[in-house]
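Numbering (the working numbering), first residue to last: 15 to 358.
A virtual CB, placed ideally from N, CA and C, is assigned to each residue, including glycine.
These numbers come from a predicted model, not from an experiment.
Presented below is the structure to which this report refers.
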Amino acid sequence: MKWNPRQLEGAIEKGVNALPPLVLVYGDDGGLVRVLAKKVAQLVCPNDDPFLVDSMNADDLKNTPSLLTESAQTIGFGGMKLIKVDAAHADAAGTKAVTEAVKSLVSEDLQTGAEKSAVIVISATGIDAKSAMARAVEGHKEVAAIRCFLDSGRDLATVIGEKLAATGQSITPEARQFLIDNLGNDRGVTESELDKLVLYTADEKQITLEHCLEVIASAPSVTVFKLCDAIGMRDLKKTDATLQMLEHEGVDGNMMLALVARHMRRLLECQKLCQNGMNPGQAMMKLRPPVFMGKDEFQMQLRRYPMNRLELALERLYALQADSRKGLHASDDVIHRGLLALSA
């Protein structure tokens, strides 16, 4: 049968008897695959007792195709048996071996509920819903396949909310949006980064954007945001000085281009909203995310950067980004000069 991650979490909360005898956790989010498989394993055998745990991988099943079935038929000593199968990033032959072992196993009568003597948990990050392994598990009513998609913004907001609910902390809107924008490619990494953030802010009642910028590994340098503001203010001297600071910090030129382009798009969107009758304050709150910090500076930039100049600036930025992707210029000097020209 097909389950989603929440259904598996619900079964884990109910206890080991609610788990199917075989659980396949697979999909694009390798971190979430690992997190869920680990939760199943900890529930079945919290002490990782060597007399109750069998571990194998795809290569083991290539060499000994009957290994999974034999392990499932062997009774554990003193409790429920846990069988862990690591099929993450297996090659084609390894994936096929695991698939055949699963098919062989589910073709037999599997014990369920309190009667089962073992739980098999399979982790596979190299397959999708069309794979033979996933179809074999989904087609059997007594076992479960859980597909792990990369977190959406809504999923991330839930993860962040649950983490902070446990600590009793609040978070500012701009900090929350920053986390949603910069996390989510891997649930394991997301959980790790949030744990670091919570630990760093243990004595704080509220988490701010500044905390996130100081802690999150994927966060761009704070200096990049200063560069965006310097260009928006058309402050040539400050832009040049900030670019030199970023060069000293070793910040990638392509990241600078991307964040400056994002900033200019927000200014342009705000200009268009103002042209349609909104005042700057209303327009800034219509942006996604809204402007919470530096509202006065943002309004000054709106006055200094008219719409036609913003459109031209974005054309130049997109051209720089396109050339960079094609490898037409590798020098940061070209990016430096291009960004300087925007603040003139």
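Decide if the stretch 161-172 is in contact with the stretch 61-77; the criterion is three or more beta carbon pairs, one per stretch, under 8 Å apart.
Judged by Cβ distances under 8 Å, the stretch 161-172 makes no contact with the stretch 61-77, as fewer than three pairs qualify.
Return the chain-ordered ranges of every beta strand (DSSP E) run that is complete within the stretch 252-310 and spans a minimum of 3 residues.
You should have found no qualifying run.
Residue burial classification, Arg161 (beta-carbon count within 10 angstroms, cutoff 16):
Counting from one through the sequence shown, the residue named residue 161 turns up at place 147. Under this definition Arg161 is a buried residue.
Between which two residues does the alpha helix (DSSP H) holding Met147 run?
Reading the sequence shown from its first residue, position 133 is the one you call residue 147. Met147 -> alpha helix (DSSP H) spans 146-152.
Three-state class that DSSP yields for Tyr214 in the structure shown
For the purposes of this step, residue 214 is identified with residue 200 of the sequence shown, where counting begins at 1. Here Tyr214 carries a helix assignment [DSSP, helix/strand/coil].
By the three-class DSSP mapping on this structure, what secondary structure does Arg161 have?
Counting from one through the sequence shown, the residue named residue 161 turns up at place 147. It is a strand residue.
For Arg149, tell me which candidate among Lys219, Lys16, Ala336 has the shortest Cα-Cα distance.
On the sequence shown, position 135 is the one that residue 149 refers to. The shortest C-alpha separation from Arg149 is found at Lys16.
Please determine, among Phe306, Val30, Asp43, the residue with the shortest C-alpha to C-alpha distance to Val54.
Here residue 54 refers to the residue found at position 40 when the sequence shown is read from its first residue. Of the listed residues, the one whose Cα sits closest to Val54 is Val30.
Which same chain residues, not among the five before or five after Lys117, have their C-beta less than 6 Å away from its C-beta?
Sequence index remark: in the sequence shown, residue 117 carries index 103 (1-based). A distance below 6 Å between beta-carbons, with the five flanking residues on each side excluded, links Lys117 to the following residues of its chain, in chain order: Ala150.
Select from Met298, Val305, Lys240, Asp195 the residue whose C-alpha is nearest the C-alpha of Leu260.
As a position in the sequence shown, residue 260 is number 246, starting the count at 1. Nearest option by C-alpha distance: Lys240.
Taking just the CA atoms, how far does Leu227 sit from Asp310?
Here residue 310 corresponds to residue number 296 of the sequence shown, with the count starting at 1. Here residue 227 corresponds to residue number 213 of the sequence shown, with the count starting at 1. Taken atom to atom, the span from the alpha-carbon of Asp310 to that of Leu227 is near 21 Å.
Spatial neighbours of Gly45 in its chain, beta-carbon cut-off 6 Å, leaving aside the 5 residues before and after
Here residue 45 is taken as the residue at index 31 of the sequence shown, counted from 1. Counting only residues of its own chain and dropping the five nearest sequence neighbours on each side, Gly45 has a CB closer than 6 Å to the CB of Asp200, Arg201, Gly202, Val203.
Output yes or no for whether 8 Å exceeds the beta carbon distance between Gln335 and Leu271.
Translated into positions along the sequence shown, residue 335 becomes position 321. Translated into positions along the sequence shown, residue 271 becomes position 257. It is a contact, given that the beta carbons lie within the stated cut-off.
Inter-residue Cα distance where the pair is Leu328 and Gly352
One-based indexing of the sequence shown puts residue 328 at position 314. One-based indexing of the sequence shown puts residue 352 at position 338. Each residue's Cα considered, the two are about 11 Å apart.
Which whole runs of the alpha helix (DSSP H) in the stretch 61-120 are 4 residues long or more, in chain order?
Contiguous alpha helix (DSSP H) elements confined to the stretch 61-120 occur at 72-77, 81-87, 106-120, taking only those with 4 or more residues.
Can you list, in chain order, the residues of its chain whose CB lies under 6 Å from that of Thr215, leaving out five sequence neighbours each side?
By one-based count along the sequence shown, residue 215 stands at place 201. The beta carbon of Thr215 is closer than 6 Å to those of Ile221, His225 in its chain, skipping five residues each way along the sequence.
With the cut-off set at 8 Å, would you say Leu281 and Gly246 are in Cβ contact?
Start at 1 with the first residue of the sequence shown, and residue 281 comes out as number 267. Start at 1 with the first residue of the sequence shown, and residue 246 comes out as number 232. Against a cut-off of 8 Å, the Cβ pair of Gly246 and Leu281 comes out as a contact.
Could you work out which residue in Leu211, Asp266, Ala189, Gly182 is closest to Lys219 when comparing CA atoms only?
Start at 1 with the first residue of the sequence shown, and residue 219 comes out as number 205. Here the closest residue by C-alpha is Gly182.
Near Ala344, which residues of its chain fall below 6 Å by C-beta distance, leaving aside the five closest residues on each side in sequence?
Mapped onto the sequence shown, residue 344 falls at position 330. With a pLDDT of only 49 at Ala344, under the threshold of 50, the placement of this residue in the model should not be trusted; the figure read from the coordinates follows. Sequence-distant Cβ neighbours of Ala344 in its own chain, meaning closer than 6 Å and more than five residues away, do not exist here.
Out of Leu96, Leu33, Val37, Ala115, which one is the CA nearest neighbour of Cys59?
By one-based count along the sequence shown, residue 59 stands at place 45. When each option's Cα is compared against that of Cys59, the closest is Leu96.
Below 8 Å on the Cβ atoms is my guess for Leu331 versus Val274; work out the distance and round it to an integer in Å.
Locating residue 331 in the sequence shown gives position 317, counting from the first residue. Locating residue 274 in the sequence shown gives position 260, counting from the first residue. Distance from Leu331 to Val274 at the Cβ level is roughly 6 Å; contact confirmed, criterion being Cβ atoms closer than 8 Å.
Would you mind reading off the limits of the alpha helix (DSSP H) that contains Gly44?
Translated into positions along the sequence shown, residue 44 becomes position 30. Boundaries of the alpha helix (DSSP H) around Gly44: 44-58.
Is any non-hydrogen atom of the ligand NAD found closer than 7 Å to the C-beta of Pro320, if you look at the structure I gave you?
Absent from the structure shown: the ligand NAD. Ligands present: none.
Return no unless some Cβ of chain C is closer than 8 Å to the Cβ of Ala72.
As a matter of chain content, chain C is missing from the structure shown, which is built from one protein chain.
Less than 8 Å separating the beta-carbons of Pro35 and Val133?
Working through the sequence shown from its first residue, we reach residue 35 at position 21. Working through the sequence shown from its first residue, we reach residue 133 at position 119. Their beta carbons are under 8 Å apart, which means Pro35 touches Val133 by this criterion.
Taking the alpha-carbon positions, what's the Lys110 to Gln191 distance?
For the purposes of this step, residue 110 is identified with residue 96 of the sequence shown, where counting begins at 1. For the purposes of this step, residue 191 is identified with residue 177 of the sequence shown, where counting begins at 1. Cα atoms of Lys110 and Gln191: separation of roughly 42 Å, rounded to the nearest angstrom.
Please classify Ile362: does DSSP put it in a helix, a strand, or coil?
Within the shown structure, residues of the chain are numbered from 15 to 358, placing residue 362 beyond reach of any answer.
When Ser137, Pro303, Pro304 are compared against Ala104, the one with the closest alpha-carbon
The sequence position of residue 104 within the sequence shown is 90, counting from 1. Ranking Ser137, Pro303, Pro304 by Cα distance to Ala104 puts Ser137 first.
Sort out for me which residues DSSP pairs Leu38 with in a bridge.
Counted from its first residue, the sequence shown places residue 38 at position 24. Under DSSP, Leu38 forms a beta bridge with Ile136, Ala159.
Val265 burial status per 10 Å Cβ neighbour count (16 or more: buried):
Along the sequence shown, one-based indexing puts residue 265 at 251. Of the other Cβ atoms in all chains shown, 16 or more fall within 10 Å of the Cβ of Val265; this residue is therefore buried.
Close beta carbons around Glu156, own chain, < 7 Å, minus the five adjacent residues each side:
Numbered from 1 along the sequence shown, position 142 holds the residue referred to as residue 156. Answer for Glu156: Pro34, Pro35, Leu124, Thr126, listed in chain order.
Give the straight-line distance between the Cα atoms of Arg318 and Arg248, rounded to the nearest whole angstrom.
Taking the sequence shown and counting its residues from 1, the one referred to as residue 318 is at position 304. Taking the sequence shown and counting its residues from 1, the one referred to as residue 248 is at position 234. Using only the alpha carbons, I get a separation of about 7 Å.
Do His154 and Ala257 come within 8 Å of each other at the CB atom, strictly closer than that value?
Here residue 257 refers to the residue found at position 243 when the sequence shown is read from its first residue. Here residue 154 refers to the residue found at position 140 when the sequence shown is read from its first residue. The amino acid at residue 257 is misidentified as Ala; the sequence shows Leu. Not closer than 8 Å, so no.
Determine the direct distance from the alpha carbon of Gly267 to that of Leu250, and round the result to whole angstroms.
The sequence position of residue 250 within the sequence shown is 236, counting from 1. The sequence position of residue 267 within the sequence shown is 253, counting from 1. Approximately 18 Å, taken between the alpha carbons.
Give every residue of the same chain whose Cβ lies closer than 8 Å to the Cβ of Ala358, excluding the five residues on either side of it in the sequence, and list them in chain order.
As a position in the sequence shown, residue 358 is number 344, starting the count at 1. Only Arg248, Leu250 meet the Cβ criterion.
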